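What follows is a set of notes on a single structure, which appears directly below.
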Amino acid sequence: MTGLCWLLVLPALGLAAVRLSGLERGPLVQLIAFTPYLAAWAPVPLGLALALRHRWAAGVAAVAALVLVALVAPRALPDRQPAAGGPPLRVLTANLLAGAADPETLVALVRSERVDVLAAQEFTPAAEAALDRLGLAGLLPHRQVNPEIGTTGSALYSRHPLRETGIRRNGGGFSQAYATVQPPGGPAVLVESAHPMAPATLARLPDWRADLRAQPPATPGGPLRILAGDFNATLDHAPLRDLLDTGYVDAADSVGAGLTGTWGPYDGDPIPPVTIDHVLVDRRIAVGRVAVFRLPGSDHRPVLAELTLPAR
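Written out as structure tokens, the structure is:
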């Protein structure tokens with residue numbers, strides 16, 4: 015039983031060390047996405063070690079469990095928001111799974127949630143036509159879109175006028191629509207629909223890491239920025255944390271909703287939900303509410319962030 019005890023304790027300790035150091039490599043990149051589940055499991059080897067009265071193993075297991083829980087638990091707790099006296103801005107991000115997502119559900123969601131900005135990934139010509147047919151242009155009349163067959167397309171739709179629009183293609187081959195949104199009575203906001211490469215295979219890891227590092231950093235002393243999209247990374251991945259450290263806040267994390275899954279089993283795959291879709295906002299922007307919705311036909315869940323901009 016002592017061998018079994020250490021067999022359970024050491025992996026938890028190893029994961030805690032990798033997560034703290036940010037040195038995830040190879041298959042650990044995928045494993046680290048499931049850190050919240052491993053944090054929930056970490057008390058099991060601790061309980062076994064205590065039951066066996068194995069003090070060394072219990073001590074190691076306690077350290078691993080405390081580290082993992084300390085890293086994960088704050089995502090369920092709301093943070094203090096900045097005093098922002100500007101207009102509201104409701105941002106929705108949705109991965110359309112190569113255009114297969116149900117357009118009626120998406121348009122209904124934009125309407126019912128009074129969305130101001132929609133960031134779409136895996137945006138196709140067929141998806142654009144369907145959304146137009148269902149009246150999205152009447153709700154969000156301004157757009158910067160790059161429809162492409164497959165998974166590389168991108169789009170931004172806005173209730174408010176857009177300027178300085180463009181399309182950026184990252185190293186993984188995915189396009190990212192961007193624009194400056196000008197809400198009435200508020201400051202301009204640079205918004206980009208983010209979609210780094212997924213770390214699906216070992217061969218893709220360099221592009222995944224490079225795509226995350228190439229995302230536009232926050233500009234704390236300059237224009238407001240928002241990145242919304244499918245980042246193919248959780249808050250446990252070091253490259254995403256590095257991006258946050260430039261001056262962004264994860265909207266869901268800031269209101270205590272950071273453990274809500276956005277990708278995984280929604281198209282039938284036997285994968286526990288993980289949180290890889292995010293709305294990252296400048297730290298001067300207040301977050302009031304974050305909600306996650308069902309979108310038939312997609313393997314992702316749309317994420318809505320209700321924001322308040324700082325006064326102009």
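Residues in the sequence shown are numbered consecutively from 15, following my numbering.
Quick reminder that beta carbons are idealized off the backbone N, C-alpha and C, glycines included.
Please read these numbers as outputs of a predicted model, since none were measured by experiment.
Assigned secondary structure, residue i (DSSP; H/G/I helix, E/B strand, else coil)
i	result
residue 299	coil
residue 312	coil
residue 31	helix
residue 128	coil
residue 107	strand
residue 243	strand
residue 95	coil
residue 44	helix
residue 49	helix
residue 177	strand
residue 238	strand
residue 226	helix
residue 256	helix
residue 264	strand
residue 112	coil
residue 102	strand
residue 78	helix
residue 24	helix
residue 217	helix
residue 208	strand
residue 62	helix
Residue i Cβ short of 7 Å to the ligand ZN heavy atom set
i	result
residue 226	Looking at this structure, you won't find the ligand ZN or any other ligand, since it has none at all.
Paired residues, beta bridge with residue i - DSSP
i	result
residue 183	189
residue 70	Looking at the DSSP assignment, residue 70 forms no beta bridge with any residue, so it has no partner.
residue 280	For residue 280, which the question treats as bridged, DSSP gives no partner whatsoever.
residue 288	277
residue 320	104, 303
residue 83	DSSP lists no partner for residue 83.
residue 233	Answer is none; residue 233 lacks a bridge partner.
residue 294	241, 264
residue 194	177, 204
Within 8 Å, strictly: CB atoms of residue i and residue j
i	j	result
residue 3	residue 290	No statement about residue 3 is possible, as the shown extent of the chain runs from 15 to 326 and does not include it.
residue 108	residue 134	yes
residue 228	residue 36	no
residue 296	residue 261	yes
residue 176	residue 195	yes
residue 316	residue 298	no
residue 148	residue 118	yes
residue 78	residue 56	yes
residue 225	residue 275	no
residue 306	residue 47	no
residue 130	residue 157	no
residue 33	residue 49	yes
residue 100	residue 236	no
residue 90	residue 270	yes
residue 45	residue 82	no
residue 150	residue 321	no
residue 312	residue 110	yes
residue 95	residue 301	yes
residue 219	residue 74	no
residue 314	residue 250	no
residue 165	residue 189	no
residue 232	residue 239	yes
residue 13	residue 205	Summary: the structure shown does not reach residue 13, with the chain confined to residues 15 through 326, and so no result is reported for it.
residue 310	residue 116	yes
Nearest-angstrom Cβ-Cβ length linking residue i and residue j, presumed shorter than 8 Å
i	j	result
residue 114	residue 137	Not quite, the Cβ-Cβ distance comes to about 12 Å (not below 8 Å), so this is no contact.
residue 160	residue 191	6 Å
residue 241	residue 230	7 Å
residue 60	residue 76	6 Å
residue 80	residue 124	Incorrect: roughly 43 Å between the Cβ atoms, too far for contact.
C-beta neighbour in chain D for residue i, strict 8 Å
i	result
residue 39	Protein chain content of the structure displayed is limited to a single chain, and chain D is not contained in it.
| message | In chain order, what are the residue ranges of uninterrupted beta strand (DSSP E) at least 3 long that sit wholly in the segment 117 to 175? | response | 131 to 135, 156 to 160, 168 to 172
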